[in-house]
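*Asks:* Just so we're aligned: 80 in the UniProt record's numbering is position 80 of the sequence shown, and the numbers increase by one with no gaps anywhere. Virtual Cβ for every residue (Gly too), placed ideally from N, Cα, C. Since we're looking at a predicted model, the values are computed, not measured. What follows is a single structure, and I will ask about it in a moment.
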Amino acid sequence: LEYIHNNEFIHRDFHSGNILLDIFEWKIGDLGLSQSVNNESSNNEIYGVIPYIAPEIFKGSTFSKEADIYSFERPKITEDTPECYANLMKSCWDPDPKKRPPIKEIHVTLCSWFFKKEFVQAEEKRNKLIKSKKIGPEFAEKYHSKAIYTSRPLSALISKCLSTNSSSTISFGNNQDYNYNYISKEKDLDIDIESLSSQNLTIQNSSPSLRKRNNEELNLDTYDNS
Numbered sequence: 001l002e003y004i005h006n007n008e009f010i011h012r013d014f015h016s017g018n019i020l021l022d023i024f025e026w027k028i029g030d031l032g033l034s035q036s037v038n039n040e041s042s043n044n045e046i047y048g049v050i051p052y053i054a055p056e057i058f059k060g061s062t063f064s065k066e067a068d069i070y071s072f073e074r075p076k077i078t079e080d081t082p083e084c085y086a087n088l089m090k091s092c093w094d095p096d097p098k099k100r101p102p103i104k105e106i107h108v109t110l111c112s113w114f115f116k117k118e119f120v121q122a123e124e125k126r127n128k129l130i131k132s133k134k135i136g137p138e139f140a141e142k143y144h145s146k147a148i149y150t151s152r153p154l155s156a157l158i159s160k161c162l163s164t165n166s167s168s169t170i171s172f173g174n175n176q177d178y179n180y181n182y183i184s185k186e187k188d189l190d191i192d193i194e195s196l197s198s199q200n201l202t203i204q205n206s207s208p209s210l211r212k213r214n215n216e217e218l219n220l221d222t223y224d225n226s
């Protein structure tokens, strides 16, 4: 991500499903929506995975490096997360994009923690939790598979929500104590990733570039969670 930003590009669809591990090297994939930070394209379609989209995007702002930073630190803060890392994550969630740390600062911070005792202790705690059967794949929250890593066109859905309500909270479906709710006095958008999996949504994508990029139909039907 630092390399992308240093070259004045933004990813625009950054989420956990786009982070790949090749042997011992981490890579970022799915660059189909990436563009130059100076791109003034007329295509304003919001496309992505809802919990990873920065809150300002839902209020009319354009994608930016700061929006990528928000997406970069969106995993849940779990019981075994070191406090220093949890604080870094929360700084990346700041509702003011300009207050989020740049990727270079994040990189330096992460490298400084390479042999940090707190992370060794966190790993020991994680192993204890696994042995006590308090955490593990079988205990993870179950979401519909498409609700997690499937990027979708969202502008029509957001416009509909904004036009039918007056004021509410942008909710990102994270039920942890560290959950961040962003409130807008002028706009209303209440989107919960869990409820999306059961809604009957039909959003027609008319952009040829998005049709070429997507591997599945962009008309969303009711999901069967059973």
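(1) Going by Cα to Cα distance, which pick from Leu-20, Lys-65, Ser-155 and Leu-88 is closest to Lys-76?
(2) Just to confirm the assignment: which complete beta strand (DSSP E) runs, minimum length 3, are found wholly within the stretch 67–94?
(3) Going by the CB atoms, is the gap between Ser-71 and Tyr-52 shorter than 8 Å?
(4) How should Gly-48 be labelled, buried or exposed, when 16 other C-beta atoms within 10 angstroms of its C-beta is the threshold for buried?
(5) Assign Gly-60 to one of three DSSP states: helix, strand, or coil.
(6) Where does Ile-106 sit, in a helix, a strand or coil, going by DSSP?
(7) Can you tell me the Cα-Cα spacing of Ile-26 and Gly-60, whole angstroms?
(8) What do you get for Pro-102, buried or exposed, if any count of 16 or more other CB atoms within 10 angstroms of its CB means buried?
(9) Is the Cβ-Cβ distance between Phe-119 and Pro-153 less than 8 Å?
(10) How is Lys-116 classed by DSSP in three states: helix, strand or coil?
(11) Looking at Asp-68 and Phe-14, is the spacing between their C-beta atoms short of 8 Å?
(12) Using the rule of at least 16 other Cβ atoms within 10 Å of the residue's Cβ for burial, across every protein chain shown, is Cys-111 buried or exposed?
(13) Within the same chain, show all residues whose beta-carbon is closer than 6 Å to that of Ala-86, passing over the 5 residues directly before and after it, in chain order.
(14) Could you check where the alpha helix (DSSP H) with Ile-4 kicks off and where it finishes?
(15) With DSSP run on the structure shown, which of helix, strand or coil describes Arg-100?
(16) Name the one or two DSSP bridge partners that Phe-9 has.
*Replies:* Looking at the atomic coordinates:
(1) Leu-88
(2) none
(3) Yes, they are a contact pair.
(4) buried
(5) coil
(6) helix
(7) Sequence check: residue 26 is Trp here, not Ile. Straight-line Cα distance between these residues: approximately 32 Å.
(8) With a threshold of 16 other beta carbon atoms within 10 Å, Pro-102 falls short and is exposed.
(9) no
(10) coil
(11) yes
(12) exposed
(13) Ile-77
(14) 2–6
(15) coil
(16) Bridge partners of Phe-9: Ser-36.
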